[in-house]
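Here's the structure, in structure tokens; my notes come after.
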Amino acid sequence: MAKSDTATIAIVSQKGGSGKTTLAVNIATRAAQAGHQSCVVDTDPQASAAAWSDWRGDFLPVVVTSPPARLIRTIDSARKQGMDFVVIDTPPHADAAAREAIKAADIVLIPTRLRAFDLAALEPIVDLVAMAKTPAFVVFNAVPAGAKVLTAYAEQFAKGLGLSICPIMLGERADFHRSSAKGETAAEADPQGKAAKEVDKLWKWLRKKLV
Ligand SMILES: Nc1ncnc2c1ncn2[C@@H]1O[C@H](COP(=O)(O)OP(=O)(O)O)[C@@H](O)[C@H]1O
Ligand SMILES: [Mg+2]
């Protein structure tokens, strides 16, 4: 599915706090741990992924900032540097940035929490992914333990919008937010933890999708 040797993953959602940056840094780091060249392209003016990288210090993955208007050039230069995986982190409330990222990507992940306001924010994404024809998957994030009814409703809602759903969900886990604040990933904070296992499963699923 990848358009070149470099697989590009866009993380998009119109809602702040849905888990875009968390997903971006955890996936890119998992790729680096698997021995791949990977980077995060942070197109959010708030530059949270870049801040995470500053806290992290001189460790992989590379995080570069790029205004959406320069995204294609930034990805091109990542490709020339031999990157295997480019993960694009995007800002909320920004159609243009999301559109550019979706256009440039081989696959789009749309993290969302399960609450009604979060689910409602899926609607504007539908047209964007349909126009670009890039495969896109909703990733339910910060799913509370035992939230079966809520999850079933959210699945039905997303399917009703015509969106595909990633079979791997990320639970509401302290490892995700505690680790980010230290410039780490959940798997680095607790390699045997549930969050680490979820990221690992998501990574393996993503690999298969990108073959
Ligand atoms: N699965 C999760 N479990 C617990 N906290 C999470 C989870 N995903 C994200 N968070 C926390 O939620 C907040 C918002 O996440 P973030 O990735 O910054 O969202 P976005 O980039 O979409 O604005 C952060 O404090 C982050 O640590
Ligand atoms: Mg963010």
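Last residue of the sequence shown: number 211 in the UniProt record's numbering, and the count goes up by one each step with no gaps.
Even glycine gets a Cβ: it sits at the ideal position worked out from N, Cα and C.
This one's a predicted model, so the numbers in the text were calculated from it and none came from an experiment.
Can you tell me where the beta strand (DSSP E) holding residue 143 begins and where it ends? Residue 143 -> no beta strand (DSSP E), and no H or E assigned at all.
Please classify residue 4 as buried or exposed, where buried requires at least 16 neighbouring CB atoms within 10 angstroms. exposed
Less than 7 Å between the CB of residue 173 and some heavy atom of ligand 1, yes or no? yes
Is residue 48 near ligand 2, going by C-beta to nearest heavy atom under 7 Å? yes
May I ask you to check if the CB of residue 38 is nearer than 7 Å to at least one heavy atom of ligand 1? False, no ligand heavy atom lies under 7 Å from that Cβ.
Indicate the three-state DSSP secondary structure (helix, strand or coil) for residue 82 in the structure shown. The DSSP-derived three-state label of residue 82 is coil.
Count Cβ pairs between the stretch 142 to 149 and the stretch 170 to 184 that sit closer than 8 Å; are there 3 or more? yes
For the stretch 8 to 70, which segments carrying the alpha helix (DSSP H) assignment without a break, of at least 4 residues, lie completely within its bounds, in sequence order? 20 to 33 and 48 to 56
For the stretch 107 to 123 and the stretch 73 to 86, state whether three or more C-beta atom pairs, one from each stretch, are separated by less than 8 Å. no
Can you name the start and end residues of the beta strand (DSSP E) that residue 111 belongs to? 107 to 112
What span of residues does the alpha helix (DSSP H) with residue 178 cover, start to end? Per DSSP, residue 178 belongs to the alpha helix (DSSP H) from 174 to 180.
Is it the case that the Cβ atoms of residue 9 and residue 97 are separated by a distance below 8 Å? no
Are there 16 or more other CB atoms within 10 angstroms of the CB of residue 131, so buried, or fewer, so exposed? exposed
Could you check what DSSP says for residue 171 in three-state terms: helix, strand or coil? strand
Using the rule of at least 16 other Cβ atoms within 10 Å of the residue's Cβ for burial, across every protein chain shown, is residue 203 buried or exposed? buried
If the criterion is Cβ atoms closer than 8 Å, does the pair residue 41 and residue 88 meet it? Yes. Within cutoff.
Any heavy atom of ligand 1 closer than 7 Å to the beta-carbon of residue 19? yes
Hey, would you say the C-beta of residue 89 is under 7 Å away from at least one heavy atom of ligand 2? yes
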